[in-house]
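Note sheet for the following structure.
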Amino acid sequence: MPREARRKSASGVYRVMLRGAAVKGFKKFNERTNRDECLEDIYPRRKLTDEQARQEIKQLLGEIAIARVKSLPGWQKDHYLIKIKEIDGITVRQAARILCVSKNLIHRAGLRGPSANFDSLE
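If you read the sequence shown in my numbering, its first letter stands for residue 276, the second for the next number, and so on.
Printed below as a string of structure tokens:
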């Protein structure tokens, strides 16, 4: 279906005046300064490399090998995954890659409720 040609209003001048005022208002709105900080990075993040993250995890686990974490009993595995999530600079994906477990397992760690006494592990 062909598009209809635009029709001029009875007073074409009125339409041009409105458009000019709208453009001026648009420019004025977009050029004003503001002090918004909503999208700014207020807290700088520390990002560890995989090797640095691996060292931090080894230090946290102590004598337990990284490969053994996924075969630990559920409550004990949960305990260590919670502690690993708390390390500053390690992402969930990075921890999942290093530990060879799914990122969902790490993400869900600690969400099941207080089913075990973790104080006895430390």
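C-beta: ideal position from N, C-alpha, C; glycine also.
Secondary structure note for arginine 383: its alpha helix (DSSP H) is the uninterrupted segment 378-383. Rounded to whole angstroms, the separation of the alpha carbons of threonine 308 and leucine 374 is 48 Å. Here DSSP, grouped into helix, strand and coil, assigns leucine 356 to helix. With fewer than three CB-CB distances shorter than 8 Å, the stretch 295-302 does not count as touching the stretch 332-345. The DSSP-derived three-state label of aspartate 325 is helix.
Sequence-distant partners of isoleucine 381 (beyond 5 residues in either direction) whose C-beta falls short of 6 Å from its own C-beta, in its chain, are Leu356, Val367, Ala370, Ala371. In the three-state reduction of the DSSP assignment, glycine 300 falls in the helix class, which pools H, G and I.
Nearest Cα to threonine 324 within the set Ser377, Gly337, Asp363: Asp363.
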